[in-house]
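Data block below; observations after.
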Amino acid sequence: MSHPSGGYFTCTYEYHAPYTDAQGVSHVDKLHKSRLYSRTKKYTHDGLRWWYNDTFRPAVKRHVEEVFLRKINDGNTKGLKYSPFDENNLRIVGNPEWSANKPDGREISTL
-3 MSHPSGGYFT CTYEYHAPYT DAQGVSHVDK LHKSRLYSRT KKYTHDGLRW
47 WYNDTFRPAV KRHVEEVFLR KINDGNTKGL KYSPFDENNL RIVGNPEWSA
97 NKPDGREIST L
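Residue -3 is where the sequence shown starts when you use my numbering, and the numbers rise one by one after that.
This is how it looks when you write it as structure tokens:
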């Protein structure tokens, strides 16, 4: 079976961020959803699995910590306390995919 050259690996995730409000009541913020992608030299099933485990998942952690949690904690004026990143709160939307064309989302190399 021949595999195409070039293209992009991509995957969408949601992060369900637990937090405590000013009254000490626990909640879950389900508003953070993002699609990440990066270039690939060739599409293979093993390559997609490697990308998901070794590139995508660490990038999600950085993205949630640096873009979502830092921004929300820095701009927090309501006394909300968000918990640190926990992979158990990560939800993958659909499956990791290969695309011949540049997908919408954030490029992992820019994170």
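Built from N, CA and C at the ideal position, the CB exists for glycine as well.
Fair warning: this is a prediction, and the values are worked out from it, not measured in the lab.
Annotated as distal: H28 and R87, with beta-carbon spacing of 8 Å or more. The three-state reading of DSSP puts D42 in helix, counting H, G and I together.
When DSSP states are grouped into helix, strand and coil, D100 belongs to the coil group. Of the candidates F5, I68, R31, I68 places its Cα closest to the Cα of Y15. The Cβ-Cβ distance between Y33 and Y4 falls below 8 Å. Counting only runs of at least 3 residues, the region 21 to 92 fully encloses the following beta strand (DSSP E) elements, listed from N- to C-terminal order: 22 to 35. Annotated as distal: P99 and R45, with beta-carbon spacing of 8 Å or more. Residue burial annotation: T73 is exposed, with fewer than 16 other C-beta atoms found within 10 angstroms of its C-beta. Put simply, the backbone Cα of G75 is about 6 Å away from that of D17.
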